[in-house]
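> Quick one: the structure is below, questions incoming.
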Amino acid sequence: MPLKRITLHQAKEKLSNPETILVDIRDEESFRQGHVKGATHLTHLSLPGFVTMTNKTYPILVMCYHGNSSQMVAQFLAEQGFEDVYSIDGGYEGWE
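Mapping to numbering that gives the first Met the number 0: the sequence shown position 85 is 84, numbers consecutive.
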């Protein structure tokens, strides 16, 4: 499955869907200092539970610092069976 990337504007539009889940994969300190309202902090420790407990048909938006690391995580989630996963180009730095 090819990686799907999304612009910041498109991500904000997708978040109008209440089923859309925004995950932030930045480090804990960065997440604590600031994150997009409603974002779920996804770490290597919380990832297995997220994969198991999350509805795989819900749209998932993956955010990192700039949009690079999120591509790997988005690809991994797609490989785990999530049907609608996007990496956000520009990441948190672009969102602000």
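A virtual CB, placed ideally from N, CA and C, is assigned to each residue, including glycine.
Does the contact criterion of 3 or more C-beta pairs under 8 Å hold for the stretch 41 to 48 versus the stretch 7 to 14?
no
> What three-state label does DSSP hand V72 in the structure shown?
Within the sequence shown, the letter at position 73 stands for residue 72. Three-state result, V72: helix.
> Could you spell out where the alpha helix (DSSP H) holding Y91 opens and where it closes?
As a working mapping, residue 91 is identified with position 92 in the sequence shown. Y91 -> alpha helix (DSSP H) spans 90 to 94.
> Between S68 and the rest of its own chain, which residues show a CB-CB distance below 7 Å, the 5 nearest in sequence each way excluded?
Translated into positions along the sequence shown, residue 68 becomes position 69. Closer than 7 Å at the Cβ level, and outside the excluded window around S68, lie I24.
> Measure the C-alpha to C-alpha separation of T56 and L14 and round it to an integer number of angstroms.
Looking up residue 56 in the sequence shown gives position 57. Looking up residue 14 in the sequence shown gives position 15. Whole-angstrom Cα-Cα distance: 15 Å.
> Determine the burial state of M52: buried for a count of at least 16 other Cβ atoms within 10 Å of its Cβ, exposed for fewer.
As a working note, residue 52 is residue 53 in the sequence shown. Exposed is the call here.
> I'd like to check one pair, M62 with V35: are the Cβ atoms closer than 8 Å?
Counted from its first residue, the sequence shown places residue 35 at position 36. Counted from its first residue, the sequence shown places residue 62 at position 63. The answer is yes: Cβ separation under 8 Å.
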